[in-house]
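Trainee: My structure is below; once you've seen it, I'll send some questions.
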Amino acid sequence: MGKKIIEKYNLDYPILVAHRGSSFTAPESTAPAIKQAIKSGIDYIELDLQQTQDGELVIFHDTNLLRLTDAKRVFPQRENYDLQNFNLAELKKLNYGSWFNVKNPGRAQADYSNLEILTLSEVLALVNPSKTGVGLALELKSPYLYEEIEETLVKELAAANVLETKNKKPKIIFLSFSPASLKKLAKLRPESPRLLLTKRNFVSPKRWQRWLDLTEEIADGIAPKGHVSFPWYIGAAHKRDLFVLPYVINRSWQLKIMSWFSADGYITDRPKLLANFYDRVQEISESVEELGENIFENKEEKSEQESKNNKKDN
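Residue numbering for the sequence shown follows the numbering used here, starting at 8 and increasing by one per position.
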C-alpha cells in the first residue's frame, strides 16, 4: 500500500534519505558529507535550515554554535552563542569540522579540520538536483526563531530555478517539527511534499492517531523515530494515504525490521549502507558518469591521485 502512495509523488520506493549528508563518515552538513552522500546512491540529502542575523539561509543543525564549532575561541567576548545572533561573515570564520576528528579518530581526515558553514545557495550549487538526480530534504529548524523564513526559503529556491516539474521526482521535500511552518509551506509551495517530524520515544495508539489527524491537515507523510514505527502505526498512516519515513536508521538489522514493518523509506547517517542494501550505488555511479563533468572532484584529491598514477607509470 505504501508503494502506491509513494508512486503518486513520483518517488522511488523506498525513499532513501541521508541525514545531514553522510554524517557517519564526515562532519554533518558539510561539503564532504554532502559529496559523499551524493556518491552513495541516496535519493535525498536531509539538511537543517536556519537564518543568520543578516538574513542569510545557512545549513546548521543546532540552534547553538558551541557543539560543532570553535565559536568560543574565535569570539571569546560574546555572551550568547546562538546562531541567530551571528551574521554570515562571522559564521564563515568558524572551524566547522575539527570536532568530528576529535570525536571520531578512526574516521578522522585532515581535510575535515577546517570546514565552513554552508549557505543554502552554496548547497544548491553543490548538489544541483537537476544534474545529480539527488534531491534535498530541507528541515526548517526552530522556524519560530526566524521571521518569514518559509517565504525566504521558497523565494531562494525559485531564484535558483529549483522548481518542481509535473510527473517528475520532486527536487525538494520539506520537513519540520513545526505544524505551523508546514502549513505555511503548503500554501507557498504546495507542489513539494511535506513531512511532519515527531520527537517522542514512546507514543500511545491514541496519540499516534492524533498525530495522523494533524499530518492529514498539513503534510503528505510523517517521520517518527525508528523505534516507534510499529507496523500497526505504519498501516494506520497508509490507510490515510500518508507515507512513513522512520529516522535515524543506521544498521542492517534495523533496515530489515523496518522493511518487514512496511516503512516507505528511511532517514540514515549511513547512506552508503542503505544504498548498498537496496543496490542503488551502481545505479547512481552510472548516472553521475553520464553528466560529463566531475562534480565531486576535489583538487587536492585529484593532484594526489595523479601523483600516485605517475609513480606507478614510472
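Quick reminder that beta carbons are idealized off the backbone N, C-alpha and C, glycines included.
May I have a chain-ordered list of the alpha helix (DSSP H) segments no shorter than 4 residues that lie completely inside the stretch 185 to 218?
Mentor: Complete alpha helix (DSSP H) runs here, min 4: 186 to 195.
Trainee: Is the separation between the beta-carbon of residue 233 and that of residue 253 shorter than 8 Å?
Mentor: In this structure, residue 253 lies closer than 8 Å to residue 233 by Cβ.
Trainee: Would you mind reading off the limits of the alpha helix (DSSP H) that contains residue 144?
Mentor: Careful: residue 144 lies outside any alpha helix (DSSP H), inside the beta strand (DSSP E) at 142 to 147.
Trainee: So, does the stretch 69 to 80 touch the stretch 134 to 143, judging by three or more C-beta pairs under 8 Å?
Mentor: Result no; under three Cβ-Cβ pairs closer than 8 Å.
Trainee: Ordered along the chain, which non-local residues of its own chain (more than five positions away) have a Cβ less than 7 Å from that of residue 76?
Mentor: So the qualifying residues of the chain are 101, 102, 103.
Trainee: Which residues in the same chain as residue 129 place their Cβ atom closer than 6 Å to its Cβ, once the five residues preceding and following it in sequence are excluded?
Mentor: Result list for residue 129: empty, nothing under 6 Å.
Trainee: Using 8 Å as the cut-off, can you tell me whether the stretch 203 to 219 makes contact with the stretch 174 to 184, which would need three or more C-beta pairs spanning the two stretches below that distance?
Mentor: Output reads yes: the stretch 174 to 184 touches the stretch 203 to 219.
Trainee: For the candidate residues 64, 158, 39, 83, whose alpha-carbon lies nearest to that of residue 116?
Mentor: It is 39 whose Cα lies nearest to the Cα of residue 116.
Trainee: Looking at the unbroken beta strand (DSSP E) that takes in residue 183, where does it start and where does it end?
Mentor: Start and end: 179 to 183.
Trainee: Assuming residue 268 contacts residue 235 under a Cβ cut-off of 8 Å, what Cβ separation, rounded to an integer in Å, is found between them?
Mentor: Contact doesn't hold; Cβ gap of about 11 Å is too wide.
Trainee: What number of angstroms, rounded off, separates the C-alpha of residue 289 from the C-alpha of residue 54?
Mentor: For residue 289, the predicted model reports a pLDDT of 45, less than 50, meaning its position is unreliable and no value from the coordinates is stated.
Trainee: At 3 residues or longer, what runs of the beta strand (DSSP E) sit wholly inside the stretch 26 to 100?
Mentor: 51 to 58, 64 to 66, all fully within the stretch 26 to 100.
Trainee: Could you have a look at residue 256 and say whether DSSP puts it in helix, strand or coil?
Mentor: In the structure shown, residue 256 sits in coil (DSSP, three-state: anything other than H, G, I, E or B).
Trainee: Determine the contact status of residue 148 and residue 57, defining contact as a CB-CB distance below 8 Å.
Mentor: In this structure, residue 57 lies closer than 8 Å to residue 148 by Cβ.
Trainee: Kindly indicate which residue of 271, 98, 284, 82 has the alpha-carbon position closest to the one of residue 10.
Mentor: Ranking the options by Cα distance to residue 10, first place goes to 271.
Trainee: Once the 5 residues before and after residue 257 are set aside, which same chain residues still bring their CB inside 6 Å of it?
Mentor: Taken in chain order, the residues that qualify are 275, 276, 277.
Trainee: What does the Cβ neighbour count give for residue 37, buried or exposed, with the cut at 16 atoms within 10 Å?
Mentor: Classification for residue 37: buried.
Trainee: Residues bridged to residue 131 by DSSP?
Mentor: DSSP lists no partner for residue 131.
Trainee: Apart from the five residues on each side of it in sequence, which residues of its chain come closer than 8 Å, Cβ to Cβ, to residue 219?
Mentor: The answer, listed in chain order, is 229, 243, 244, 247, 249.
Trainee: Quick one: what's got a C-beta closer than 7 Å to residue 81's C-beta in the same chain, skipping five residues either side?
Mentor: 100, 101.
Trainee: Tell me which residue opens and which closes the beta strand (DSSP E) that residue 272 is part of.
Mentor: Residues 272 to 275.
Trainee: Check the C-beta distance from residue 66 over to residue 98 and give it rounded, since I have them as a contact under 8 Å.
Mentor: 11 Å between Cβ atoms; not a contact.
Trainee: When the Cα atoms are used, what is the spatial distance from residue 251 to residue 13?
Mentor: If you take the alpha carbons of residue 251 and residue 13, they lie about 10 Å apart.
Trainee: By Cβ distance below 8 Å, which residues in the same chain neighbour residue 17 in space, the five residues on each side in sequence not counted?
Mentor: The answer, listed in chain order, is 174, 175, 176, 177.
Trainee: For the alpha helix (DSSP H) that residue 124 lies in, which residues bound it at each end?
Mentor: Run containing residue 124: none; DSSP gives neither H nor E here.
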